[in-house]
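Peer 1: Chains as they are written, first to last, in full-length UniProt numbering: chain A, 1 to 112; chain B, 1 to 112. Just so it is clear, CB atoms sit at the ideal spot from N, CA and C, and this is done for glycine as well.
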DNA sequence: AGAAGTACGCACCTTGAGGTAAGCTATCGC
DNA sequence: GCGATAGCTTACCTCAAGGTGCGTACTTCT
């Protein structure tokens, strides 16, 4: 999907914030507890390092998560969810519930 | 965004159903009242006929809207929302509310 | 000495949603 | 006959998200 125009509607903005392929998963994992970069890689099998970095940075810019760098060696970076990110997770959960409802509906229709 | 894998999470299914560029707008318009094809074209400036047809067909396949053909000449087709589509519109509204909240948050941050 | 882990950046390529333009069937108005 | 309208279908093109792979600076493990 293309996301460019403001669309006047707030949904476009929400989609802009969560539209990435891995963002919902990241949001879900981080809402449980903070994680380090390499831990997130392991949690999301199939994500490339480039894209993981990208999406984390975008979510940080959107204020959904915060990034904390510890000046140690070897380097350590921890990502954690913000209150705003937590509220988005709630909204996503509503959509997710509808999705499950929809899947039920579909399997019922296919059975008919 | 790519939408392929089931993802175990229902959110992917919901996104699959609503992910198209015009689907939320269509859902919104049709939740007000039924419309004909050409009316929807006029309501969504910029949509091409091909894509409008595509998205309407997909939404019909997902059970979000129903398509009624009147065997007249010139041909007449009316699209209306289903109860399932209506429930999705509610879920979308929650996300939309978050989007507005997020925009407020962003403009506050930029002001700082 | 060499391998491996950490948290990336950069260059290139693939893929599919969406856009563009044309055609198609049939009727009505001029 | 000529164009307009309604509701599509088909073929082709574009463009950005995401994937692949390599490079990096530093350290610890073996």
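With DSSP run on the structure shown, which of helix, strand or coil describes residue 39 (chain A)?
Peer 2: Helix at residue 39 (chain A).
Peer 1: Along the region 76-100 of chain B, where does the CB come closer than 7 Å to a CB of chain A? Name the residues.
Peer 2: Cβ contacts with chain A come from 84, 87, 88, 91, 92, 94, 95, 96, 97, 98, 99, 100.
Peer 1: 9 Å is my cut-off, CB to CB: does residue 103 (chain A) come that close to chain B?
Peer 2: Chain B, which has a Cβ nearer than 9 Å to the Cβ of residue 103 (chain A), makes this yes.
Peer 1: Kindly provide the ranges of any beta strand (DSSP E) runs that are 3 or more residues long and lie completely inside the UniProt domain "HTH hxlR-type" (9-107) of chain A, ordered along the chain.
Peer 2: Counting only runs of 3 or more, we get 65-70, 76-81.
Peer 1: Does the Cβ of residue 108 (chain B) have 16 or more other Cβ atoms within 10 Å, making it buried, or fewer, making it exposed?
Peer 2: Residue 108 (chain B) is exposed by the Cβ-count criterion.
Peer 1: Is any beta-carbon of chain A found at less than 9 Å from that of residue 106 (chain B)?
Peer 2: For residue 106 (chain B), the answer is yes, since a Cβ of chain A falls inside 9 Å of its Cβ.
Peer 1: Given this structure, state the Cα-to-Cα distance separating residue 103 (chain A) from residue 13 (chain B), to the nearest angstrom.
Peer 2: Going by the C-alpha atoms only, they are around 7 Å apart.
Peer 1: Is the CB-CB distance between residue 64 (chain B) and residue 52 (chain B) below 9 Å?
Peer 2: Not closer than 9 Å, so no.
Peer 1: Does residue 11 (chain B) get closer than 9 Å to chain A when you measure Cβ to Cβ?
Peer 2: Closer than 9 Å: yes.
Peer 1: Would you be able to state if there are at least three C-beta pairs under 8 Å between the region 34-43 of chain A and the region 71-91 of chain A?
Peer 2: Short answer: they touch.
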